[in-house]
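Chains as they are written, first to last, in my numbering: chain A, 1 to 298; chain B, 1001 to 1856.
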């Protein structure tokens, strides 16, 4: 970017003051540091803030869709639902959470909101349902579930109706599992991550669970899948996104070259105006792809 | 042996208290006492010479029948006789119209009604209720001189009239006024009268090319006057017009043709036959009507009848009709079909029991259905790999097997071939499609010198001498199953254990120079599903084959989807070879279809059948080679010997290991022996289903193992499971597994299952799948070591996390939550922000420095 920022008029001055080797080295270091800072800042900003915007937008669209499906009685009841379809509306008053739960728990699915683990029953059905959500990035829908206390209420609305769960407790590594589920009961396990140590707020590395239970569940349809790919387990990553990432980076590179070429012909202002949105869109898209390669509960 | 069993069965039937059984069942029980029919009659023939009655022949004929009660559609029973007049002018085929040109045969018919004058007319046996498939067998219209029935001494005046039988004749008969006509109309079960004077006025089941070939026959007696046949009975399912069922009594009528007794000196009536006894009539020459089967309905012949009363069992759909409850499906092995046919009414007609339903499908599919909860239990014959997490236990319910059914005629009208012997290499040759089928396949690469069909193979000829050497497509293959089945597994493991057979399959020529079809060379055996690998399209000049090019060996093999279809194909001698060219009009395109039924006299086809079907249909079954020189058939003894080498599984709830090498080594053990197991989950089933499966296993292994043909009995082809003897271990396993299924006390242990978020699991509906252990356990994916805990029910057995069935009264010791963490997730954001800050700082400092230097 610095190179772009330099006016071409400064170029003729170069031969008048031939750069020394040291100066050239410093220039490279400076440029690299700038690039690093820009990339890291962009990534962090998108994860923490801009991602939240896109997540909100998705949620609003999903909410509309799910509302329509509920009204039309076409909302999914399992056992197999297409990936990314809304399956439930989850609200927890205590932490001010209201999110549409979608099907699938891979990194890319969780960008849009909390995801339902596909080989578990739907929330509210007899059995144990698992819902995972991001802890810090992309709106951090499940960032505060560790604050839940026993007897807190979790409300779930699905195709089969509303259901109130009562929180059993928050569970971390080493805590005993809750007691066996009583016959006919529905159980809900919220899964997210939390940090520890100095940067606790920024380092969601440990999985945390919240168990909740409703005394009587809805009937469960037969035919649940028995397993899901590793990418949909907690802290799973989607290695399949690598080719897409290569493509995005390639596009970014091509964009940079295009900007340099455009600078030869047009004024800086024109180039800025034309290319900035494209570059931002590409950067946004690239970060989304990078997110798929990162743990899904981040 | 059979008599003893039948008697035992009869007494058991009487003792079998079937609450809710229909009255038909009650009526059957007493009939069982006289299961085998035997009767002797004194038959005479007299003619008139110069106004004097002269007795020309007198014989004491004894007729026996093997079975008369609880018959099922298409079942074949043995009928034998002695003392009859030797047959002259034997026809190649005794069936239907083709058996008419014979002298002194024995006519066997199936008729509705019984021979009891006390009954009302519609329940009585009459020629009008006897089934024949052509009008030739019913109606005669000839010149007066040839109308021998009009000289019948035993007929009344009415029957001796010029027009008799159906009078007046309906106009569609087109009767000639001057001829003597006798019409024996057919009266259908619903009362419809079919005049049967032309092909068009026959009952619908007698249509040309009807679904079933003629069953009625005119069989020959040998020079000593003895003979025996297998007679196929038809129920209302196969022949609605005849209408025999569990409600409608029927009879088999055996009429040894003795000749018409004459009242006058009509030369045609007094004729004694043109053929020498024992001679054949291949040319289908005319015979003397007075001693032919043509006039079986005439009074002289009809009075000589032996009527064997028969009763039918419940139709296969009886349970659907009589019991409105929802059935509980058991899915899988077709080997059990004949037993299930007799078992199911014993369940559905008893209100205290559930409605048992056997659904045939491939073993694998049945097992999967059971695992997902779609079926209460699976019926399988081998160990299947569980895909779910619930434990599965196997309860033996029947010992049976497969056999190679065949129908082969000896050359020169010498009757059926009865002792076929096969070895593993011959089966390998048949299965690998290594016989050419026809000369069209001579150009097939790598096997051009092979015999066309099995009867031309020197190895086969050595084992089975005395058969013809006509090449046939049908004899180049054994009709087999197209889908996956434990039967194919057993068959191929029989091939796989044989050194010679495997050497052949792997490419070594047999001692006579025959080589394996290269498409199947080195095929991996055993396998559960036989693939069709050969894509050779036989070259041909024929327009039909040019228009329909298709893989030749696939057309010849043409496997089908059920063992029953194979059994019926063998029964009808109708190979499933799909190479017949046909078109309805000369302008239509050619199409390729199934070849015709084989003509009696030159039949030769093999099929893979279940032993149960083979016994029901009276199919002949090949003996299979075990050790060098020994051949064992699917007898009770052969099966029992095989069970003696079967080893129980270590866990006690898995199938017995029936190692083929051990079976062969045992010498007298039948290699096709298979045990059918009811496989069910021992955890996660609903209580109702668990009780049903458990009660089925208990009933099937006790009450269901009593030999007989009534409801709930075990038919032929199954070795009864008994508490003692070689079936003892199977019986004991069945009992313990039944208890285990009922209690649902299985423990879940599967490798992927580490810890659990603490959820007890439970099936949710009647047949709902387990929603439990597979679900939540996956929340902690890093493969942890199983956490051994003491299971909650205190059996002391260390198990992995065990979802309990019911909430325990006190708190249960639950395992700890497994740690799941990601360093990447933990450190990414701080590092990212660190880089951003450092980068920004570095840039600003450097810029500042550079600018300053640049300024200076």
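Each residue gets a CB set at the ideal place from its N, CA and C atoms; glycine is no exception.
- Less than 9 Å separates the beta-carbon of residue 1192 of chain B from that of residue 1241 of chain B.
- Put simply, the region 1306 to 1321 of chain B touches the region 1070 to 1084 of chain B. At least three CB pairs are less than 8 Å apart.
- Our two residues, residue 1111 of chain B and residue 1305 of chain B, have alpha carbons roughly 12 Å apart in a direct line.
- Rounded to whole angstroms, the Cβ separation of residue 1539 of chain B and residue 1443 of chain B is 6 Å, and the two are in contact under 8 Å.
- For residue 1823 of chain B, the chain A residues whose Cβ falls inside 7 Å of its Cβ are 205, in order along the chain.
- Listed along the chain, the chain A residues whose CB falls inside 7 Å of the CB of residue 1373 of chain B are 222.
- If you ignore the 5 residues before and after residue 127 of chain A, its C-beta comes within less than 6 Å of the C-beta of 121, 220, all in its own chain and listed in chain order.
- Contacts with chain B (Cβ-Cβ distance below 7 Å) from the region 189 to 200 of chain A involve 189, 191, 193, 195, 199, listed in chain order.
- Here the alpha carbon of residue 1203 of chain B sits roughly 52 Å from the alpha carbon of residue 1685 of chain B.
- Annotation for residue 1611 of chain B: the continuous alpha helix (DSSP H) segment containing it runs 1611 to 1617.
- Counting only the Cα atoms, residue 104 of chain A lies some 14 Å from residue 226 of chain A.
- Here residue 1483 of chain B has 1362, 1561 as same chain residues with Cβ atoms under 6 Å from its own Cβ, once five neighbours each way along the sequence are excluded.
- Between the region 185 to 195 of chain A and the region 1334 to 1353 of chain B, the count of Cβ pairs shorter than 8 Å is below three; the stretches do not touch.
- In the structure shown, residue 1047 of chain B falls within a strand segment according to DSSP collapsed to helix, strand and coil.
- Contacts with chain A at 9 Å (Cβ-Cβ) include residue 1387 of chain B.
- Under the Cβ criterion of 9 Å, residue 137 of chain A is counted among the residues facing chain B.
- Residues of the region 1830 to 1842 of chain B with a C-beta less than 9 Å from any C-beta of chain A: 1830, 1831, 1832, 1833, 1834, 1835, 1836, 1837, 1838, 1839, 1840, 1841, 1842, listed in chain order.
- The residue among A/235, A/271, A/258 with its C-alpha nearest the C-alpha of residue 291 of chain A is A/235.
- Spatial neighbours of residue 1506 of chain B in its own chain (CB-CB distance under 6 Å, excluding positions within 5 residues in sequence) are listed in chain order as 1522.
- Residues of the region 162 to 190 of chain A whose Cβ lies closer than 8 Å to any Cβ of chain B, in chain order: 171, 172, 173, 174, 175, 176, 177, 178, 179, 180, 181, 182, 183, 184, 187, 189.
- Rounded to the nearest angstrom, the Cβ distance from residue 1369 of chain B to residue 1406 of chain B is 34 Å, too far for a contact under 8 Å.
- Closer than 9 Å to the CB of residue 38 of chain A there is at least one CB belonging to chain B.
- Beta-bridge partners assigned by DSSP to residue 1359 of chain B: B/1331.
- At least one C-beta of chain A is nearer than 9 Å to the C-beta of residue 1817 of chain B.
- Under the Cβ criterion of 9 Å, residue 82 of chain A is not counted among the residues facing chain B.
- Residue contact check for residue 1849 of chain B against chain A: a CB pair falls below 9 Å.
- Under the 9 Å criterion on CB atoms, residue 1746 of chain B is classed as non-interfacial with respect to chain A.
- Exclusion of the five residues before and after residue 1618 of chain B leaves 1076, 1230 as the residues of its chain whose Cβ lies within less than 6 Å of its Cβ.
- Under the 10 Å beta carbon count, residue 1049 of chain B is surrounded by fewer than 16 other beta carbons and is classified as exposed.
- Counting along the chain, residue 1461 of chain B sits inside no beta strand (DSSP E); it lies in the alpha helix (DSSP H) bounded by residues 1458 to 1463.
- Looking at the backbone, the Cα of residue 1378 of chain B and that of residue 90 of chain A are separated by about 40 Å.
- Sequence-ordered contacts of the region 1660 to 1683 of chain B with chain A are nonexistent [C-beta pairs closer than 9 Å].
- Within the region 1239 to 1276 of chain B, complete beta strand (DSSP E) segments of at least 3 residues are found at 1250 to 1256, given in chain order.
- Residue 1450 of chain B sits away from residue 1438 of chain B, with the two beta carbons spaced by 9 Å or more.
- Interface residue (Cβ-Cβ distance to chain A less than 9 Å): residue 1657 of chain B is not classified as such.
- In this model, residue 67 of chain A and residue 174 of chain A are separated by some 39 Å (Cα to Cα).
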